[in-house]
Each structure stands twice: as C-alpha cells, then as structure tokens.
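Protein chains: 2
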Amino acid sequence: MAGTAATVTIKDVARLAGVSPMTVSRVINGGTRVSPATRRRVEDSISELGYVPSRLARGLIRQKTGTLALIVPDVANPFFTLVVRGAEDVARRAGYRIILCDTRADLELEREVIEEMIAHRVEGIAIAPVSDQSRPHLERLRNFGIEFVLVDRSVQGIDSDVVFGDNADGARRLVKHLLDLGHRRIGFIVESDDVSTARDRHQGYRDALHAAGLEVDETLIERAPADPEGGSTAMRRFLEHEHTPTAVFAVNNLVALGAIEAVRAAGLDVPDDVAFVCFDDIEHASRLYPFLTVMSQPAETLGTIGTQLLLDRIEGRAAGPPRIVVLPAQFLIRRSCGALAA
Amino acid sequence: MAGTAATVTIKDVARLAGVSPMTVSRVINGGTRVSPATRRRVEDSISELGYVPSRLARGLIRQKTGTLALIVPDVANPFFTLVVRGAEDVARRAGYRIILCDTRADLELEREVIEEMIAHRVEGIAIAPVSDQSRPHLERLRNFGIEFVLVDRSVQGIDSDVVFGDNADGARRLVKHLLDLGHRRIGFIVESDDVSTARDRHQGYRDALHAAGLEVDETLIERAPADPEGGSTAMRRFLEHEHTPTAVFAVNNLVALGAIEAVRAAGLDVPDDVAFVCFDDIEHASRLYPFLTVMSQPAETLGTIGTQLLLDRIEGRAAGPPRIVVLPAQFLIRRSCGALAA
DNA sequence: TAGGGTTGTGATACCGATAACACAATTCAA
DNA sequence: TTGAATTGTGTTATCGGTATCACAACCCTA
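Protein sequences, first through last, are from chains A and B.
So the first sequence is numbered by the working numbering: it starts at 1 and just counts up by one.
So the second sequence is numbered by the working numbering: it starts at 1001 and just counts up by one.
Pasting the structure below:
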C-alpha cells in the first residue's frame, strides 16, 4: 500500500513475487492451475503493492471492455433519470460499467457521442434515440458490430431489440377519459411525428376521437419541443384560438408543466377552464402534490429491461430475431383532468 | 463503409492506403508532416473502411483514457441529477467521457466502484462521497495518483479540491426565518453527522437558535436516512412527542416530502399545524406547485465547477494547494413555511 | 521401469495504437 | 557543387496485459 508515483503493473507484482507475469495473470483470473504456495506469494505481492489490473490492457487482447453506453436526450428529465437508474443498476450487477451520454435531443451531438462510444469500444449501447433521423447513427453501430437496444423509442427502418411503453393505447385511454368527461375540443401538444413516442401517441389521440365518432380538428394539434417552454408556447397559441380547447393532452409531463403555467399566467384555472392529461408521472412532485392526471410509464423498468436485453445479446444468451418488449402504462387519475373534486 | 465483421484496425487502413500504420497514425493525429497526397490517400481509406481508432490502444501507450468518473449517492435524487447534467456537459466539451456510478449511499458499494474506476484508469473522479467514512477510499485514489474532486460534500481528513454550498449559513437563514415567524419549537430532521452537509446544517441550526438566545432541545433533533421514508419516519416520531414541533427544518427536499406526507397522514396541515423549510429545490415540482420554502443550491453549477476543478488538475493548469469553492444558496420563500398567505 | 499423462511455470507473440529513432530523398545555403 | 538541414516515411520497441505453446518435474499404469 505504499504511495507509488507510477502505476503498478503486473511486472512489478511478478518481480516482487519472484514469478513471471503470466503466473500473476493466472492468479488474478483464477481457475487455472497454480500451486497454493505460489498463489499466496502472488496474492501477498498484489496487496502489498496495491495492484489493480488495467482494464485497458485486458480489454485490448480480450476484445472486451466491460463498458456499456447509455445515451438519452436529457438526463435531467425525470423520466430518463429513472431509466438511467435502472440501467446503471443492472449493468453494475452484471459487472459492466456505464458511460452516460446526454444528446440534448440534438442529432449532431448524438452522432458525435456515438462515434465516441465506438472509439471507446463499448460492448453495447442502450439508447433513447433523438428521432427517426437517428437511423444512420444506428446503422453505423450495426456496421461496426456493436450491439444496441432501443429504449423508450423505436426508429423507423431499424430492426433491433427494443423496449417501450404502450404509447398508442395509453394515449387512447387518456383521450377517452377526457371524452367521457364530456370534452369535445381536446387540444394535443406534441413534438414532431418522427419521434416514435410522439407518433404513437398522436395515433392514439386520433383513434380515440374516431372511436367517439368525432372528426380530428387539425387546429387543435400544436407541434412544439417536448419541454416546458415548448408546452408554454403551444398553450399560448391555443389560448389565442377563437375556440380554446376545454382540455389538453400533453405529450409528456414537462410539456404539461409549461402549458399549465401558461394557462395560469392567462388568469385561467386548471382543471376548471382547461383540463389536463399527459404521459409520465413526476416521481417527487406527485408525492407532494398529486395533481397531474397521467399515464405513468415504468421508466426504471424500461432501463432495467433494456439493459438486460442488451446484455443477453452481448453475452450470447440471445441470438435470432429482435425482441420487442412493450410495457403497459398505469393510468393515474388525479385532479388536473377535472374528474375529481378539489 | 462496408459492413465488416471484425473491427477495422490501423493496419487495415495502412494496407489499403499502401503505407505503414505509423503514417496512418500521423494522419489521424494531425500536426506532423505528411505529404498532401499521402494524407488524402489515407483519409480516403479511413472513410472507405469506416475506421475509428481504438481509445483502448491509444490510452494504453499514452497513459490517458479520456474518461472521468462521476460518483453520486443517488442519480434519481433531483439534486444529483442536476449535478450529473452539469458534469456531463463540461466533460464532453473538454473531450472527456463520463462514467456514471451510483453508490446508493452505500460505503461498500462506493469502495467497489472506486476500485472499478481505478481498473478503468479513469483520469479523474468527481465524487459526492457517502460520508466521512469514505476517507480510506479517497486515500486509495491518492495513492494511485488519480485526481479527484469532492462535490457537495467534504470529508474530514481529506485535503483536496472541493466545491459545495454554504450549508451552515443556509441553515442559519432557514432557521432564523422560522424564528422570525415566531416559532420556538423547531424540529430538525437530519442524517448522520459524518456527512459534511448534515454536520454543517446541524451547526447552522444550533447557531441560529443560540443567536436567538434559545437552548437546543436535543429531543427536537431526529436522525434519519436522507430520503422520503426517513423523513416520514422521523416526522411520525415528532408527532408522538408530547410537544410536537410547530415547525420543521428538513435536511433536504426528499426528507421534507416524506415528512409532509406524514403530517398530512396524521390529519394535520402544512403550514398551519407544522411549518416546513428545507434545503434544495425540486426543479419541476416547483414549477407546478411552488410550495416548499427552500434554500436552493446551484446543483448544476456544483457539477460544472467540480468538473472544471478536476480538469484543471488533470491537464496541469492547476498545481499547488487544494482549492475550496463555496457557492451561496438562494432563499426561496414559498408557502410551506407559513410566511405567505394561501 | 519405460512410456504416457498431469501439473506448474515460463517464453514468446500479440492485441492496436504511438514514441523514438533511423534513413533515404529532397531542399537549401555557401 | 557539396555538405548540412529538412521532409516524408518506415522500423522497432513498447504500453499492460493474456493466449498459446513449450517444457521440466512428477505421477501413474502396465
């Protein structure tokens, strides 16, 4: 445990123990035949020098780095935060480390971090892709022979393991709920259709209206970035509408937050003037103030299952066709939709 | 861009371009003299093969991996989530990748992940340590010559770069605020004193009471894990007290959430029956429902500054004595303390 | 007791890149 | 025009480990 300047290598251990580096390697990796006496001498030398084998060197010959990448559009989004936690946990238990990358929902940044992860020779990548336009990035991974699994979002034209929530069905249920409460002008704030979750929720929205025998009014669909500012901006446009919607389905919780702020800023009330439903719960906020009616997705489970699918591929437990896992969401009715008394 | 099974190496590129691997290396790394014609031929070969140099191999000879570690007690804690985002951003801009580790506030797990990071030969570690008992882990890093910076929490006996919030002062202000509102029985829910933030806030609590000429009533200090369950449990104990506190200072927001739940579960009201203040805002929750009176720390800035301090050391821009950065907190008065009308 | 098998260990090559040196070809100054 | 400096490129060794083969010492069986 002496404080050494230069890093201790396998040779230093070998020298101290009076054996060859190969023997030290055998002790480290266990299994192979080493005499008990030698083994103890080597182990003593290892702890005396505080030796830790380099994963770089080992990774180089074994062609395995023990590292995965997790790529998400926004680590601070409470939904992805849970995905991260789930992924980190499963990876660690399986003896892998996770390199975390935040693309800020930026395609170019996504391209860059994927190149970085290739350079790092990660063994696999769990990714919540920016959009369908992420396709070339994923094809690059495929060319490189790096396993990946899509988490939360699929990508058109990419056939791979994927785990996501049942977005279309969830959206249908949310909108049906609003319809059942008597709403007929239901606004929808959503990002671009080239994000699969947005596309599927959009489809669910239309399906629910059609099932109720209603036409879809395209002026009630606002496109905006999936963050509070986007929600706020979109809601303000709704409020300028001649027929303001009486209820709004926000594509996710952050959009809903921004939109609700805009409603309140206009001196109106939620849910009395405008009712709200959205996807994804906000873990801590709901604890303090269970207000938002949400379709709660099992975010942490998306992370754990995604990582498991990935590890199955990497470790050869799963060959063959892609596996698609769809997780049901949980419908939490609270005050924002107006179904409950205040 | 052909889809190759085995990974493309520098030799493949060299062969295709009709040069030696060394020349390819020179092209990749720029700077050194290579004839324009050769350079183009090599560049063409690189893109034709889709070659990406291995950071493993490069890291091995250069003794630099381009990787940092970020170790936090809980990634899903909204405070640390922001720290993560700040750190990730600074690291990426500086050309480094971040390996994220979650210790779940478990010392043994912390020891393990630190060993892992040593094995990975990360160039530096930004860590929010579990407690003062993390000291041996940090000494191990020091022996190994791996730079580290403490984020959010200091560790007794460890002299290193560190960035944290002004906990004692923040606590004083919070408690003084409650005192000014007329409260005299102010409960304090806090984790163990061997976490520096807890210790400092504890000190601030005592200071504020003394400054007001009050004795500290030890029965008003409850020790509990710093999470909602801990807060809830501690609050229930307070409620069984013969003299229930009229106000509570919770060591952080998660503790406050749990405690408030317990108050409400007992059929009491916040702030009318029990007023609340705590450290750390909850970004999204406060947007929807600005209820908690908090001492808001600049969490993302802790992440960015911490990472900058670390990079300064790694890249030799800072030698000499440890730098200690203390960031002021922002006092946000909202409803939970009872100072504002409902 | 000779031949084949086992056991414990070392020697050598190599993973994929680069540092350091070598050297032929070219350019330049005197 | 000739020796010195420069330029462009290759060779070799090396980073820190491990796969592979080699081999001496010992064991056993017939």
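In this text, a Cβ means the ideal position worked out from N, Cα and C, and glycines have one as well.
Roughly how many angstroms separate the alpha carbons of residue i and residue j, rounded to a whole number?
i       : j       : result
A:I114  : A:S160  : 17 angstroms
B:G1230 : A:V19   : 53 angstroms
B:I1314 : B:P1225 : 35 angstroms
B:P1271 : A:R97   : 44 angstroms
A:V90   : B:H1177 : 44 angstroms
B:A1014 : A:E147  : 27 angstroms
B:V1149 : B:A1087 : 12 angstroms
A:R92   : A:A234  : 41 angstroms
B:P1245 : B:P1321 : 45 angstroms
B:A1099 : A:L220  : The sequence shown places Ile at residue 1099 of chain B, rather than the Ala named in the question. Computed Cα separation, rounded: 43 angstroms.
A:A17   : B:I1282 : 55 angstroms
A:G316  : B:A1168 : 53 angstroms
B:L1307 : A:S35   : With the sequence shown as reference, residue 1307 of chain B is identified as Thr, and Leu is not the correct amino acid for it. C-alpha separation (whole angstroms): 46 angstroms.
A:E94   : A:L310  : Checking the sequence, you will find Ala at residue 94 of chain A rather than Glu. Taking the straight line joining both Cα atoms gives about 11 angstroms.
B:V1274 : A:F279  : 33 angstroms
A:V338  : A:M295  : The residue asked about is misnamed: residue 338 of chain A is Gly in this sequence, not Val. Approximately 15 angstroms between the Cα atoms of the pair.
A:G182  : B:H1284 : 30 angstroms
A:R104  : B:R1140 : 35 angstroms
B:D1227 : A:G258  : 27 angstroms
A:V325  : A:N77   : 22 angstroms
B:A1198 : A:E300  : 29 angstroms
B:L1214 : B:L1082 : 37 angstroms
A:I333  : A:L340  : 8 angstroms
A:I46   : B:V1216 : 51 angstroms
By alpha-carbon positions, which one of the options ends up nearest to residue i?
i       : options                            : result
B:A1212 : B:L1179, B:E1222, B:A1234, B:V1013 : B:L1179
B:V1251 : B:A1262, B:H1241, B:V1277          : B:V1277
A:V162  : A:I189, A:I186, A:P129             : A:P129
A:G303  : A:A339, A:G182, A:V195, A:V72      : A:V72
A:T9    : B:I1118, B:F1079, B:M1295          : B:I1118
A:A208  : A:R185, A:R111, A:I333, A:A171     : A:A171
B:L1327 : B:T1081, B:S1054, B:D1152          : B:D1152
B:G1050 : B:A1057, B:E1139, B:V1042          : B:V1042
B:I1125 : B:E1116, B:I1061, B:L1068, B:Q1133 : B:L1068
A:T7    : B:D1217, B:G1267, B:F1144          : B:F1144
B:D1074 : B:K1064, B:L1107, B:A1057          : B:L1107
B:A1266 : B:F1238, B:L1288, B:F1249          : B:F1238
A:E222  : A:I186, A:I61, A:P21, A:R264       : A:I186
A:V84   : A:I127, A:N253, A:H210             : A:I127
B:Y1205 : B:E1191, B:S1196, B:E1261, B:L1174 : B:L1174
B:H1243 : B:R1335, B:E1218, B:L1254, B:I1260 : B:E1218
Does any CB atom of chain B fall closer than 7 angstroms to the CB of residue i?
i      : result
A:I10  : no
A:C76  : Sequence check: residue 76 of chain A is Ala here, not Cys. Judged by the 7 angstroms Cβ criterion, A:A76 is in contact with chain B.
A:T81  : yes
A:L220 : no
A:E215 : no
A:V88  : The question names Val, but residue 88 of chain A is Glu in the sequence shown. Closer than 7 angstroms to some Cβ of chain B, the Cβ of A:E88 qualifies, so yes.
So residue i packs on residue j, CB below 8 angstroms; how close in whole Å?
i      : j      : result
A:G165 : A:A329 : 5 angstroms
A:R135 : A:V155 : 5 angstroms
Under 7 angstroms, Cβ to Cβ, is there at least one residue of chain A near residue i?
i       : result
B:S1232 : no
B:I1098 : yes
B:D1193 : no
B:R1085 : yes
B:D1102 : yes
B:L1257 : yes
B:E1229 : no
B:E1043 : no
Practice problem: Select from the stretch 104 to 122 of chain A all residues with a C-beta closer than 7 angstroms to any C-beta belonging to chain B, and list them in chain order. | Solution: Result list: E115, E116, I118, A119, H120, R121.
Quiz prompt | Residues from the stretch 12 to 34 of chain A in contact with chain B, defined by Cβ distance under 9 angstroms | solution = For chain B, none of the residues of the stretch 12 to 34 of chain A brings a beta carbon within less than 9 angstroms of one of its beta carbons.
Quiz prompt | Where the stretch 46 to 68 of chain A meets chain B: residues whose CB sits under 7 angstroms from a CB there | solution = Listed in chain order, the positions of the stretch 46 to 68 of chain A with a beta carbon within less than 7 angstroms of a beta carbon of chain B are G50, V52, P53, S54, R55, L56, A57, G59, L60, T65.
Quiz prompt | Members of the stretch 135 to 169 of chain A near chain B, C-beta cut-off 8 angstroms | solution = Listed by position along the chain: R140, R142, N143, F144, G145.
Quiz item: Looking at chain B, which residues of the stretch 279 to 298 of chain A have a Cβ within less than 9 angstroms of any of its Cβ atoms?
Solution: Residues I282, E283, H284, A285, S286, R287, L288, Y289, F291, L292.
Exercise. Please list the residues of the stretch 1260 to 1273 of chain B that have a C-beta atom closer than 8 angstroms to any C-beta atom in chain A, keeping them in chain order.
Key: Hits within the stretch, in order: I1260, E1261.
Quiz item: Which of the residues in the stretch 306 to 338 of chain A, read from start to end, lie with their CB under 8 angstroms from any CB of chain B?
Solution: Those residues of the stretch 306 to 338 of chain A that come within reach of chain B (Cβ to Cβ, closer than 8 angstroms) do not exist; the list is empty.
Quiz prompt | Positions along the stretch 170 to 193 of chain A whose CB lies within less than 7 angstroms of some CB in chain B | solution = Result list empty, no residue passes.
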